[in-house]
Amino acid sequence: MRKKIQLGVNIDHVATLRQARGGVNPEPLHAAREAEKGGADGITVHLREDRRHIQDHDIYALKKSCRVPLNLEMALSPEIVRIALRLRPQKVCFVPEKRKELTTEGGLDAYAKRILLKKLVPKFRKKGIEVSLFIDPLWQQIRTAAWVGAPAIEIHTGAYANAQGAKQKKELNRLRAAAKEAHKLGLKVHAGHGLDYENVKSVARIPEIVELNIGHSIISQAMQVGVRQAVKQMKRLMRR
Ligand code: PXP
2 MRKKIQLGVN IDHVATLRQA RGGVNPEPLH AAREAEKGGA DGITVHLRED RRHIQDHDIY
62 ALKKSCRVPL NLEMALSPEI VRIALRLRPQ KVCFVPEKRK ELTTEGGLDA YAKRILLKKL
122 VPKFRKKGIE VSLFIDPLWQ QIRTAAWVGA PAIEIHTGAY ANAQGAKQKK ELNRLRAAAK
182 EAHKLGLKVH AGHGLDYENV KSVARIPEIV ELNIGHSIIS QAMQVGVRQA VKQMKRLMRR
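Positions in the sequence shown are counted from 1; adding 1 to them yields the numbering used here.
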């Protein structure tokens with residue numbers, strides 16, 4: 002029987018809101034605890050080179066207190082590699098990074114970076130860190146992931162999430178084919194980016210996919226379902 006699919010909750014945008022005022026609220030650590038209580042199987046954060054949301058102190062605090070595995074999304078820059086090897090999260094996901102992008106646009110060109118990856122992946126594995134490569138659903142990228150010795154890939158679902166109708170079906174078929182190909186090569190298959198309460202269902206049904214990483218839609222939904230309570234609490238305090 003298929004093992005239950007796992008959910009990694011990306012809490013970057015809790016830190017985005019905190020950084021908007023430069024204070025301490027809302028706390029990513031608190032969000033991680035709540036996510037765990039809701040059933041998150043993992044906590045995912047992206048320590049970006051420009052530190053636009055998650056900060057260095059966040060990753061150390063999360064590593065210390067998360068009960069579920071911490072997955073660090075990271076660029077292949079020497080500085081971030083050094084930090085990740087020191088932190089030793091349970092998992093890392095290598096992602097591409099551009100200064101001006103709003104979010105991770107497109108997968109890592111693992112093929113172009115294959116020599117560097119072949120050197121880096123064993124360094125992480127030696128420390129007991131599971132490595133995945135965030136890649137587009139392309140055969141060359143999938144084969145490269147296997148060639149560099151990565152145990153897992155995370156398939157970029159952005160094109161599927163942004164498409165509609167027949168185009169979305171086509172993108173879904175690309176995800177299915179990529180998941181099958183990767184599984185055949187012995188890779189663990191994760192997926193993520195742009196998944197929400199509607200489009201997640203078809204992706205979660207792909208049998209080879211064992212983990213989804215979802216951030217923006219969950220944090221947005223948390224705002225919706227939590228706003229009423231937050232206003233009530235404030236009003237009660239004001240009128241007491
Ligand atoms: N997986 C990876 C590798 C990502 O870079 C991101 C975005 O930070 C996600 C998953 C989550 O994407 P979203 O916030 O759109 O759910």
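Every residue gets a Cβ at the ideal spot worked out from N, C-alpha and C, and that includes glycine.
- Taking 8 Å as the upper bound for CB-CB distance, GLU131 and ALA153 are in contact here, some 6 Å apart.
- Under DSSP, the beta-bridge partners assigned to LEU213 are LEU8 and ALA192.
- Taking one beta carbon from each stretch, the stretch 58 to 66 and the stretch 112 to 122 have fewer than 3 pairs nearer than 8 Å; the two do not touch.
- By the neighbour-count definition (other C-beta atoms within 10 Å, threshold 16), ALA205 is an exposed residue.
- In the same chain as ALA85, and ignoring 5 residues on each side of it, the C-beta atoms closer than 7 Å to its own belong to LEU73, MET75 and VAL93, in chain order.
- A residue is called buried once 16 or more other Cβ atoms fall within 10 Å of its Cβ, and PRO138 is buried on that count.
- Short of 7 Å from the beta carbon of ARG89, and not among the five residues preceding or following it, lie these beta carbons of its own chain, in chain order: LYS128 and ILE130.
- Taking C-beta separations shorter than 6 Å and ignoring five residues to either side along the sequence, the partners of LEU134 in its chain run PHE95, LEU109, ALA111, ALA146, ALA151 and ILE154, following chain order.
- One Cα belongs to LEU77, the other to HIS47, and the distance between them is close to 12 Å.
- Close CB contacts of ARG53 within its chain, under the 8 Å cut and outside five residues either way in sequence, are with THR17 and GLN20 (chain order).
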